[in-house]
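Engineer: Its first residue numbered 5, the sequence shown is counted upward by one per residue in the working numbering. The beta carbon of each residue, even a glycine, is placed where N, CA and C say it ideally should be. Owing to the predicted nature of the structure, the values given are computational and were not obtained by experimental measurement. I have a structure here, written as C-alpha cells, and I will follow up with some questions on it.
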Amino acid sequence: MPDGYTGADVYARMHRYGGNTASLDSGQQAAEALKSAHEELVTRIARLQGKMDASWEGDAAGKAKAGLTPLLETSQQASEDLGRSAQSLTAQNGGFHSTLNKLTPMDANRPDTNDLASYSPFGASVSEKSAARWDDADKNNKEAYGSYVATTDGNRNSSPRIIRF
C-alpha cells in the first residue's frame, strides 16, 4: 500500500472513473489483433519460403530465404510479445475489477469518539461503533489496494520489453 493513502482515498481513486477500464480493454484487443496479424504473417512468410525452396535453385534461393528469415523471426517474436502484453492487460483488468468489488464505501474522516457517550462503561457508544466500522473499512480498502499494487507490479514485470532496431 502506498504510504499516505487512507481507505477513503483508495475508494475515491479506484472509483474516480466509475470503474471504466475501456483503455485496458482497447489495449488488450489491439494486442490480440496485432498478435493474430503477426501469426498470419509468419504463416505467409513460411509458405513463401516453402514455395521458393521448391521453385528456386542455387544461390538465389539461399539469398531469398536468408532475406526473409529476419522478417520471420521478428514477426514470431512480436507475436509472442504481443501475447504476453495481452495477458498482462487481461490480468491488470481483472485485478482492477476484483479490487473494485472488494472496496468498502466510507467517509473521508474517521468519526470522532470524543463524545460523552464514549466514556460510558456500559459498552461501545454509537460513535465508537462508527469509528470501529470506519477502521475496518480503512483496513479493508488499504489491503485490497495493496494486493492490486502487487498485481500491477507483477504485470509490469511480465510485460515484454520493446527492442528498438
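(1) How far does the alpha helix (DSSP H) with N97 in it reach, from first residue to last?
(2) Cutting at 7 Å between CB atoms, please list the residues of its own chain near A82, excluding the five before and the five after it.
(3) Return the CA-CA distance between P74 and V46, expressed in angstroms with no decimal places.
(4) So, at 8 Å on beta carbons, what are the nonlocal neighbours of D142 in its own chain, with the 5 sequence-adjacent residues on each side left out?
(5) Take S102 as the anchor and find which of A34, D140 and G23 has the nearest alpha-carbon.
(6) Among Q53, K146 and Y152, which residue has its Cα nearest to the Cα of G8?
(7) Which residues in the same chain as H19 place their Cβ atom closer than 8 Å to its Cβ, once the five residues preceding and following it in sequence are excluded?
(8) If I measure Cβ to Cβ from T155 and keep anything under 6 Å in the same chain, skipping five residues before and after, which residues do I get?
(9) Return the CA-CA distance between S79 and K55, expressed in angstroms with no decimal places.
(10) Since N159 and S92 should fall inside the 8 Å C-beta cutoff, what is the C-beta to C-beta distance between them, to a whole number of angstroms?
(11) Which same chain residues end up closer than 8 Å to L28 when comparing Cβ atoms and leaving out the 5 residues on each side of it in sequence?
(12) Does DSSP put G54 in a helix, a strand or coil?
(13) Quick one, which of S89, A50 and G62 has its alpha-carbon nearest E36's?
Structural biologist: So, to answer that:
(1) Here the alpha helix (DSSP H) through N97 covers G62 to K106.
(2) Close CB contacts of A82 within its chain, under the 7 Å cut and outside five residues either way in sequence, are with H42 (chain order).
(3) Each residue's alpha carbon lies about 11 Å from the other.
(4) Counting only Cβ-Cβ distances below 8 Å, and skipping sequence neighbours, we find T10, G11, A12, M110 and R114.
(5) Ranking the options by Cα distance to S102, first place goes to G23.
(6) Residue K146 is the option with its Cα nearest to G8.
(7) Once the five neighbours on either side are set aside, the close Cβ partners of H19 are L104 and L107.
(8) Apart from the 5 residues on each side of it in sequence, T155 sits with its Cβ closer than 6 Å to the Cβ of G99 in its chain, given in chain order.
(9) Rounded to the nearest angstrom, the two C-alpha atoms are 19 Å apart.
(10) With a Cβ gap of about 4 Å, N159 and S92 count as contacting.
(11) L93, Q96, N97 and F100, listed in sequence order.
(12) Taken through DSSP and simplified to helix, strand or coil, G54 comes out as helix.
(13) Ranked by Cα distance from E36, the first of S89, A50 and G62 is S89.
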